[in-house]
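Asker:
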Amino acid sequence: MNNLDYEPMDIDSSANSYAAMDISYNEIKEEEEKTETASTTPDTQGIKKFHIDMPAQKEKRILFKSNLYLLAFIIGSVITSILYYNVIKFECCREINTKLLKDALSSKVHGQSNAIQTFIQALDDNTSSKILILYGGTGVGKTLSISIVLNKLLNFSNVYHYTMPSFVDKFTTEIKIGLVFCEKWIIIVDDLNAGDKHITSIVNDIIEKTENLKSNVTIMLVYNCDTSNDS
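Start counting at 1 in the sequence shown, then tack on 2, and there's your number in this note's numbering.
Rendered as C-alpha cells:
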C-alpha cells in the first residue's frame, strides 16, 4: 500500500507550472496579435491597389485633353481655311466704267435719256457717300436699268443687291466684310415702297460706318412709286 499508485496522475501545481502556463498564454497572445495583423493586411493592400490605379485615371485625363486640343486645332484650321479662301476670292470693284454702263443703258432703256444722263453723272461724282433714288411707276425702266448695272458689277465682292425686306435682315454681316477689304462699295436695294421709311436709320448707319472707315459708298434705292414725294 506504500507504493505510489497515483504517480501517473500527478498534477504539478508548483510555481513552475504556472510559469509554464503563463508562457503558454503569452505564446497564444502573440499568435493572436499576428493573426490580427495578418487580418488587417488585406485592407492595407487594398488601399495600395487603389493608389496604383490612379495613374491610369491620369492617363485618361491626359488623353481626353489631347483629343480636345486636337479637335480645337481641326476646327480652327477649317475656319482659317474658309476665311483665307474668302479673302483670296474677294475681288473689289474699285471704279465703275460709266462709259460702258451708259452705252448699255442707252441701248436698252428707251425714252429715258435724261434719267440715264443724271444717273451716270451721279456715279461719276467724287462724293464719298451718295444716295441715288430711282423712282417711277410700273414699266418706266427701273428694273431693267438695275439689271444692267448688276450685270456689269455683281461679280464683284463689294457690290450688294437686296430686295425688301431681306435688306433689313441680311445686310449687316455681309457689309461688314466689304468694309474690311474694300475702299468702295455699292449697295442696291430694290422693291421699296412709300411705307419703307424705316430703312432711313439703316442707311444713315451705313454712311456713318463708311465715314469712320474713310470708305466710299454708293447706295441705290429703287422705289415703286410715281413721284419722289411718295417716298
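All residues carry an ideal CB built from backbone N, CA and C; glycine is no exception. It should be emphasised that the depicted structure is a prediction, and the values quoted were computed from it without experimental measurement.
1. By how many angstroms is the C-alpha of V80 removed from the C-alpha of T43?
2. How is K132 classed by DSSP in three states: helix, strand or coil?
3. In terms of alpha-carbon separation, which member of P167, S203, A74 and N99 lies closest to K154?
4. In three-state terms, what does DSSP make of V161?
5. Compute the beta-carbon to beta-carbon distance between L194 and V224, rounded to the nearest angstrom, for a pair I have assumed lies under 8 Å.
6. Once you ignore the five residues that flank T37 on each side, which residues in its own chain have a CB closer than 6 Å to its CB?
7. Quick one, which of L136, E97 and K132 has its alpha-carbon nearest F158's?
8. Excluding the five sequence neighbours on either side, which residues of its own chain have a C-beta within less than 6 Å of the C-beta of S130, listed in chain order?
9. Buried or exposed for F75, going by 16 or more other Cβ atoms inside 10 Å?
10. Report buried or exposed for K186, applying the criterion of at least 16 other Cβ atoms within 10 angstroms of its Cβ.
11. Near E33, what residues of its chain come up, given a Cβ to Cβ distance below 6 Å and the 5 sequence neighbours on each side ignored?
12. Taking the alpha helix (DSSP H) that I118 belongs to, which residues open and close that run?
13. Would I150 and L103 be called neighbours here (beta carbons separated by less than 9 Å)?
14. Under a Cβ-count criterion, where at least 16 other Cβ atoms within 10 Å of its own Cβ denotes burial, should K101 be classed as buried or exposed?
Answerer: On the basis of the supplied data:
1. Stepping through the sequence shown from its first residue, residue 43 is reached at position 41. Stepping through the sequence shown from its first residue, residue 80 is reached at position 78. Model confidence at T43 stands at a pLDDT of 49, short of 50, so the residue's coordinates are unreliable and nothing is read from them.
2. For this step, residue 132 is matched to residue 130 along the sequence shown. Strand, per DSSP.
3. Reading the sequence shown from its first residue, position 152 is the one you call residue 154. Out of P167, S203, A74 and N99, N99 has the C-alpha closest to the C-alpha of K154.
4. Here residue 161 refers to the residue found at position 159 of the sequence shown. Strand.
5. In the sequence shown, the residue the question calls residue 194 occupies position 192. In the sequence shown, the residue the question calls residue 224 occupies position 222. So it is a contact: roughly 6 Å between Cβ atoms.
6. What you label residue 37 is simply residue 35 of the sequence shown in a count that begins at 1. Note that T37 has pLDDT 47, beneath the 50 cutoff, so the model's placement of it is unreliable and the number below is only indicative. Cβ neighbours of T37 beyond the five flanking positions: none.
7. Working through the sequence shown from its first residue, we reach residue 158 at position 156. Residue E97 is the option with its Cα nearest to F158.
8. Translated into positions along the sequence shown, residue 130 becomes position 128. Excluding sequence neighbours, S130 sits near N218.
9. In the sequence shown, counting from the first residue as 1, residue 75 sits at position 73. Exposed, because fewer than 16 other Cβ atoms sit within 10 Å of the Cβ of F75.
10. On the sequence shown, position 184 is the one that residue 186 refers to. Answer is buried; the Cβ neighbour count reaches 16.
11. Position 31 of the sequence shown, counting from 1, holds the residue named residue 33. Its pLDDT being 49, under 50, E33 is placed unreliably in this model, and the coordinates cannot settle the point.
12. Translated into the one-based positions of the sequence shown, residue 118 becomes position 116. Taken as a continuous stretch (DSSP letters only), the alpha helix (DSSP H) holding I118 covers S115 to D126.
13. On the sequence shown, residue 150 is found 148 positions in, with the first residue counted as 1. On the sequence shown, residue 103 is found 101 positions in, with the first residue counted as 1. Yes, they are a contact pair.
14. Numbered from 1 along the sequence shown, position 99 holds the residue referred to as residue 101. Exposed, because fewer than 16 other Cβ atoms sit within 10 Å of the Cβ of K101.
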